[in-house]
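Taken in order, these protein sequences are the chains called A and B. Just so you know, the first sequence maps onto residues 1 to 128 in the numbering used here. Just so you know, the second sequence maps onto residues 1001 to 1128 in the numbering used here. Quick reminder that beta carbons are idealized off the backbone N, C-alpha and C, glycines included. Computed from a predicted structure; not experimentally measured. For reference, the structure discussed in these notes is given below.
Number of protein chains: 2
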Amino acid sequence: MSDAWLDEIKWTAEGLVPVIAQETGTGKVLMFAWMNRDALRLTQQNGHMVYWSRSRGKLWHKGEESGNQQVVKQLRLDCDNDVILAEVEQKGGIACHTGRHNCFFQRLEGGRWVTVEPVIKDPKEIYR
Amino acid sequence: MSDAWLDEIKWTAEGLVPVIAQETGTGKVLMFAWMNRDALRLTQQNGHMVYWSRSRGKLWHKGEESGNQQVVKQLRLDCDNDVILAEVEQKGGIACHTGRHNCFFQRLEGGRWVTVEPVIKDPKEIYR
């Protein structure tokens, strides 16, 4: 497969593109992260999400430690060619490193961010 | 209301936070944009989405030209306090400046980005 589809993406100055992972079926937004060109190519080739970890400065095969891989169902690109929306199947039902289903578990209520989603599995049990 | 909830957000070096707008009911991801502190405060105060336009360098009251406002249903914050997920009601059923329901209308199919969503209203009719 040619890389023309990768060339169409408007990468940031750092060579990244923001990525939204949305769960197939439920439609819940699981997480937000970044990919570089290699990460997106590998994601397409391997069929599971590979991000670029800005904090660690390296490729991050989602689930490499936790086993909670994200299987790619489809990849979408926005009108400006600078944001990716990925529909994924979340293995293990846990996307967040806190052990919750997804990362958006704080809701603004009465001027405070309130945690409204339960921890499904203790992170100490996930990352041994 | 105190601004403490705004202080909890980890703004980028440019003072921004990425924002995902998701449609209430359908769960569809409508668009991705950025807010600064003023935009997020106004969004909370007024109950409709106000973004920061990086290209125009000013506040962008979504729907100010098109009428297609986004009414805020709830605001969520992620585990790292650096991404906002907004559940919104999309007035007019059109979030994208191309006249489509949402911005993620290109799907990767056989190594090409293919437009898979229809234009609901000609942009020339939206932005007069």
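Residue i and residue j closer than 9 Å at C-beta
{"i": "M1031(B)", "j": "A1021(B)", "result": "yes"}
{"i": "K1091(B)", "j": "Q1069(B)", "result": "yes"}
{"i": "W1060(B)", "j": "A1033(B)", "result": "yes"}
{"i": "R41(A)", "j": "L6(A)", "result": "yes"}
{"i": "E89(A)", "j": "E23(A)", "result": "yes"}
Residue-level contact to chain A via CB, residue i, 9 Å cutoff
{"i": "A1039(B)", "result": "no"}
{"i": "W1050(B)", "result": "Here the sequence assigns Val to residue 1050(B), which means Trp is not the residue at that position. Cβ-Cβ to chain A under 9 Å: no for V1050(B)."}
{"i": "W1060(B)", "result": "no"}
{"i": "E1008(B)", "result": "yes"}
Residues near residue i by beta carbon distance below 6 Å, same chain, minus five either side
{"i": "A1095(B)", "result": "L1030, M1031, N1102"}
{"i": "W1113(B)", "result": "Q1106"}
{"i": "E1117(B)", "result": "R1100, F1105"}
{"i": "G111(A)", "result": "none"}
{"i": "T1026(B)", "result": "none"}
C-beta neighbour in chain B for residue i, strict 9 Å
{"i": "Q90(A)", "result": "no"}
{"i": "N68(A)", "result": "no"}
{"i": "T98(A)", "result": "yes"}
{"i": "A4(A)", "result": "yes"}
{"i": "Q45(A)", "result": "no"}
Contacts around residue i, its chain only, beta-carbon distance under 8 Å, and the 5 residues preceding and following it disregarded
{"i": "M35(A)", "result": "L16, V17, V19, T43, V50, Y51, W52, I84"}
Contacts around residue i, its chain only, beta-carbon distance under 7 Å, and the 5 residues preceding and following it disregarded
{"i": "G1047(B)", "result": "V1071, V1072"}
{"i": "R54(A)", "result": "W34"}
When you check each C-beta in the segment 105-123 of chain A against every C-beta of chain B, which residues fall closer than 9 Å? F105, Q106, R107, L108, E109, G110, G111, R112, W113, V116
Short-range partners of chain B found in the segment 17-38 of chain A, where Cβ spacing is below 8 Å: P18, I20, Q22, T26, G27, K28, V29, M31, F32
Relative to chain B, which residues along the segment 70-90 of chain A have a C-beta separation below 7 Å, given in chain order? For the segment 70-90 of chain A, which is checked against every Cβ of chain B, the residues closer than 7 Å are Q74, L75, R76, L77, D78, C79, V83, L85.
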